[in-house]
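Chemist:
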Amino acid sequence: MIELFLTAFLAGALVVLMTAPLGCLVVWRRMAYFGDTLAHAGLLGAALAMISQLPLTLAAALVGLIIALILHLLSRQQSLSNDSLLGVLSHGSLAIGMLAIWLVPTQVDLEALLFGDLLVVSGSRLWQLAFVSLGSLICLLICWKPFLAITLSPELAMAEGLAVNRYQLLFIVLLALSVAMGIQAVGVLLFTALLIIPAAAARAISRSPEQMAILALMIGLGSVGLGLLLSWQLDLPTGPAIVCTALAFFVALRLVSSWFTKGSA
Amino acid sequence: MPEILSLNNIGLRKGRQQILSDISFSLQDEQILTIIGPNGAGKTSLLKIILGIDKPSSGSLIKAKGLRIGYMPQKIHLDPSLPLDVLRLLRLNKGNVSQQDCLDALSKTQVTHLAKQQVQALSGGEMQRVLLARALLNRPQLLVLDEPVQGVDFLGEAQMYDLIQQVKEQLKAAVLMVSHDLHVVMAQSHEVLCINGHICCHGHPQSISANPEYQRLFGQQLAPNLGLYVHEHDHEHDLHHQGCSHD
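Chains as they are written, first to last, in the working numbering: chain A, 1 to 265; chain B, 1001 to 1247.
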């Protein structure tokens, strides 16, 4: 029994290792809705993977990239705001994904994709997770400074000779990969929560970007651990349990920080 | 004086819109060139071409070999969720700059005391100085300043121009500046380029204000003010007061 729990925790931890620092960048760049869109498109990716026998990671990353490309092309016409375009793409791809899973007879468990289930992660899946997650983390560490510089101002970064477009593409690939990994943990519907909430919670008590990323990671790990424990003890679905724990962290840290600000003022 | 930058018949098209056409000028070492023009005249687009952010659709841009450019953007849109202090803001660039370099740059723009301050807590004027300090980090030979006094009050504006002048002399750099404020800038500039998609007129500050093209673009009522301007700095207050309607 304990082995099952540990496997689940390890899987969740590997997902958070990606989503926590990426989530900070998403928050700083105001791309939360974009993250949500990629997550919803992840369902379409999952459906595609089932139908075509492609690995889920590859299919989800591919669909994510296509969505990003479509967004890029549509936003150049400037007849609709990015916000509306994201709404169209986000729910459009979610609906297509649902239909695809409905129409094509497969063994797929729609509920697991929508809500996630860490308790069914297999050993081989864990290895895959570890590989993708650590690879992405290394990539993110190497590109951290350029990513930050672009967050500051893409134009300034470009004027200073940074290959901004290449880094933006890489960022989207990393995000799409984290979606493919994260769906298992919390599902398509709650993925953005895993991305945003630990970062947002960490903001309250951070003074530097790195501090915020590391705190987000710790909060993410805490949420996965406590959330799993709750889900285990009270027989709750894992995804919502993890996200609710993260939410509790968010509220607690907000309260603590506002308490201290009041104290010093 | 050696030429460090030269533009030949630069044109820029975006979709069906011709944003810039036939822009030609050159910039010499240690020269101050100010680009003025109404909103939507393509000033920022022109800067982007010079900085290499955008490619021109026609014409050619020649920069001196190994030209180091320091760029100060109009403003940066920093989300409040990003915790960042001033020192870190300076160090976030492509090159490797030491903390000491950053502090030196901050002292040049007289804001060393802000080094540990969070960027979101800066006022408009402080932000401008920090961004100017950032532009100085690679010892530029050319400073490109996009509306360096935007969002600064009148007194701050005069101080900012003094500061730019000082920094320019220390670095022995050329300055290329975009401005919508014709009055304060013109005295310090060696040359003014007035654009509105194309070059309306260019020349010394005095000759510009008498140019009929210029008067048509900015309105007759401003011409007398500009006449005043070329004499003394102490007319700034008046001029600013009367002249803020043009933009």
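Just so you know, even glycine gets a beta-carbon here, dropped at the ideal spot from N, CA and C.
Predicted model, so just to flag it, every value in this text is computed and none were measured.
Report yes or no: is there a C-beta of chain B within less than 8 angstroms of the C-beta of A:Thr151?
Modeler: Interface residue, yes.
Chemist: Compare the C-alpha of A:Ser178 against each of A:Leu86, A:Trp144, A:Leu74, A:Leu134 and name the closest.
Modeler: Of the candidates A:Leu86, A:Trp144, A:Leu74, A:Leu134, the one whose C-alpha sits nearest the C-alpha of A:Ser178 is A:Leu134.
Chemist: Work out the CA separation of A:Ser206 and B:Leu1122 for me, nearest whole Å.
Modeler: Distance between the alpha carbons of B:Leu1122 and A:Ser206: 18 angstroms.
Chemist: Does chain A have any CB closer than 8 angstroms to the CB of B:Asn1225?
Modeler: With a pLDDT of 46 at B:Asn1225, under the threshold of 50, the modelled position of that residue is not reliable, and no figure is offered here.
Chemist: Of all Cβ atoms in chain B, is any one closer than 8 angstroms to the Cβ of A:Val173?
Modeler: No, A:Val173 does not count as interfacial toward chain B.
Chemist: Roughly how far, in whole angstroms, is the beta-carbon of B:Leu1087 from the beta-carbon of A:Trp28, given that I think they are within contact range, below 8 angstroms?
Modeler: Contact flag wrong, Cβ pair sits at about 18 angstroms.
Chemist: Specify, as a first and last residue, the run of the alpha helix (DSSP H) that A:Gln233 falls within.
Modeler: Residues 209 to 234.
Chemist: Please report the residue range of the alpha helix (DSSP H) in which B:Lys1043 lies.
Modeler: Note, B:Lys1043: alpha helix (DSSP H), 1043 to 1051.
Chemist: Whose Cβ in chain A lies nearer than 7 angstroms to the Cβ of B:Asn1039?
Modeler: Under the 7 angstroms cutoff, chain A gives no residues; its nearest Cβ is about 19 angstroms from B:Asn1039.
Chemist: Examine the Cβ distances between the stretch 36 to 55 of chain A and the stretch 242 to 249 of chain A and report whether three or more of them are shorter than 8 angstroms.
Modeler: Short answer: they don't touch.
Chemist: Apply the 10 Å Cβ neighbour rule to B:Met1072 and answer buried if 16 or more other Cβ atoms are within range, or exposed otherwise.
Modeler: The residue is buried, with at least 16 neighbouring Cβ atoms inside 10 Å.
Chemist: For a contact meaning CB atoms closer than 7 angstroms, what does B:Ile1053 contact in chain A?
Modeler: The answer, in chain order, is Glu155, Met158, Ala159.
Chemist: Looking at the structure shown, is B:Leu1226 part of a helix, part of a strand, or coil, going by DSSP?
Modeler: Summary for B:Leu1226: the model assigns pLDDT 46, below 50, so the residue's position carries little reliability; its value from the coordinates is reported in the next sentence. Reduced to three states, the DSSP call for B:Leu1226 is helix.
Chemist: When you compare only the Cα positions, how much space is there between A:Val15 and A:Leu228?
Modeler: Their backbone Cα atoms lie some 14 angstroms apart in a straight line.
Chemist: I want to see whether chain A comes within less than 8 angstroms of B:Leu1007, judged by CB atoms only; does it?
Modeler: So, not an interface residue.
Chemist: Going along the chain, which residues of its own chain have a beta-carbon closer than 7 angstroms to the beta-carbon of B:Leu1103, five neighbours each way excluded?
Modeler: Same-chain partners within the cutoff: Thr1112, Ala1115.
Chemist: Are the C-beta atoms of A:Ser266 and some chain B residue less than 8 angstroms apart?
Modeler: This structure gives no information on residue 266 of chain A, because the portion of chain A shown stretches from 1 to 265.
Chemist: What does the alpha-carbon distance come out to for the pair A:Leu230 and A:Pro237?
Modeler: Using only the alpha carbons, I get a separation of about 9 angstroms.
Chemist: Candidates B:Leu1046, B:Gly1156, B:Ala1174: which alpha carbon is nearest B:Glu1126's?
Modeler: The shortest Cα separation from B:Glu1126 among B:Leu1046, B:Gly1156, B:Ala1174 belongs to B:Gly1156.
Chemist: Hey, quick one: how far does the beta strand (DSSP E) through B:Val1175 stretch, first residue to last?
Modeler: Per DSSP, B:Val1175 belongs to the beta strand (DSSP E) from 1174 to 1179.
Chemist: Among B:Gln1159, B:Pro1140, B:Ile1199, which has the Cα closest to the Cα of B:Gln1069?
Modeler: One detail in the question is off: residue 1069 of chain B reads as Ile in this sequence, not Gln. Comparing Cα-Cα distances from B:Ile1069 to each of B:Gln1159, B:Pro1140, B:Ile1199, the minimum goes to B:Pro1140.
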